[in-house]
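Notes follow the structure.
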Amino acid sequence: MAQAKLKLGVLISGGGTNLQALIDACANSDFPAEIALVLSNIPDAFGLQRAKKSGISTSIINHKDFEDRDGFEAAMTAELKDAGVELVCLAGFMRILNNTFVGAWRDRMINIHPSILPAFKGLHTHDRVVQEGVKFSGCTVHFVVPDLDSGPIIIQAVVPVNGDDTGETLGERVLEMEHKIYPEAIRLIATKSIRVANGRVQINDGNYAVDGVINPALVN
Ligand code: GRF
């Protein structure tokens, strides 16, 4: 019997190109995960259309409809649980999450951030990278913990910064790498190839010779 696929809940607030990368990965019958629900806090987020086009269930939970963060997040957890979600994937979800939500999904929630964490946490990453004259940037998939853009790192990919880069041109190249490493991180989790010990991710997977060191060139 085929192994059951890991059920993903993808949280978005915007365009959803990372969501699209996950939709495309899940379209491959060998991929060990499937998207059970796409949830947006922004009613007209373009990512919702991407999901609908692929026949994926969607839900809108608008934070503005709630008096406080707790009510908003309780509604999200209820919806995710109803859909049978096992792993929450933040993909451009632009709300800070409080400790109750993060605790409810501890070790079962991941995020993608467009920098080599712990450098350049927060917003406007690429503009700040260019301003600082940093030579390499990139992206990170990590487990979510209460502190913003922190938590055990699963995969990082490095992207060189060119002398003539603007935040926008750099962001485009980083995004291409995001689309490679996000599905790959999910594959590692779904195949139980990852272990978190002492706040560090260890990877036990034939594709990677060294724990936690990933050469994105190896990612198809
Ligand atoms: C990505 O750069 C992601 O790293 C960040 O928000 C952006 C979302 O882009 N967290 P998209 O909506 O997936 O296109």
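Position one of the sequence shown corresponds to residue 45 (the numbering used here), numbered consecutively onward.
Note that CB positions come from ideal geometry on N, CA and C, so glycine has one too.
Inset, instruction - Tell me whether T18 counts as near ligand 1, meaning its Cβ is closer than 6 Å to at least one heavy atom of that ligand. - result: A question about residue 18 goes unanswered here, because the residues of the chain that appear run from 45 up to 264.
Inset, instruction - Please list, in chain order, all residues of the same chain as R113 whose beta carbon is under 7 Å from its beta carbon, the five residues on each side excluded. - result: In the sequence shown, residue 113 corresponds to position 69, counting from 1. Closer than 7 Å at the Cβ level, and outside the excluded window around R113, lie N142.
Legend entry - Exposed unless 16 or more other CB atoms sit within 10 angstroms - verdict on D193: Taking the sequence shown and counting its residues from 1, the one referred to as residue 193 is at position 149. Buried, because 16 or more other Cβ atoms sit within 10 Å of the Cβ of D193.
Legend entry - Status (buried if at least 16 other CB within 10 Å, exposed otherwise) for F180: Numbered from 1 along the sequence shown, position 136 holds the residue referred to as residue 180. Exposed.
Legend entry - Beta-carbon spacing of V146, P196 below 7 Å: Residue 146 sits at position 102 when you count from the first residue of the sequence shown. Residue 196 sits at position 152 when you count from the first residue of the sequence shown. Taking 7 Å as the Cβ cut-off, V146 and P196 do not qualify as a contacting pair.
Inset, instruction - Can you check DSSP and say which residues form a bridge with F276? - result: Outside the modelled stretch of the chain, which goes from 45 to 264, sits residue 276, for which no answer is possible.
Inset, instruction - May I ask which residues mark the beginning and end of the beta strand (DSSP E) holding L83? - result: Translated into the one-based positions of the sequence shown, residue 83 becomes position 39. Unbroken beta strand (DSSP E) run through L83: A77 to S84.
Inset, instruction - Give me the Cβ distance between I199 and V185, rounded to the nearest whole Å; I'm assuming they're in contact under 8 Å. - result: Looking up residue 199 in the sequence shown gives position 155. Looking up residue 185 in the sequence shown gives position 141. Yes, I199 and V185 are in contact; Cβ-Cβ is about 5 Å, under 8 Å.
Inset, instruction - Use the C-beta contact count for A253: other C-beta atoms within 10 angstroms, 16 or more gives buried, fewer gives exposed. - result: Taking the first residue of the sequence shown as position 1, residue 253 is located at position 209. Unreliable placement is indicated for A253, whose pLDDT of 46 sits below 50; the coordinate value is still reported in the next sentence. By the neighbour-count rule (16 or more Cβ atoms within 10 Å), A253 is not buried but exposed.
Inset, instruction - Could you pull out every unbroken alpha helix (DSSP H) segment of at least 4 residues lying fully inside the stretch 160–205, listed in chain order? - result: 169–176
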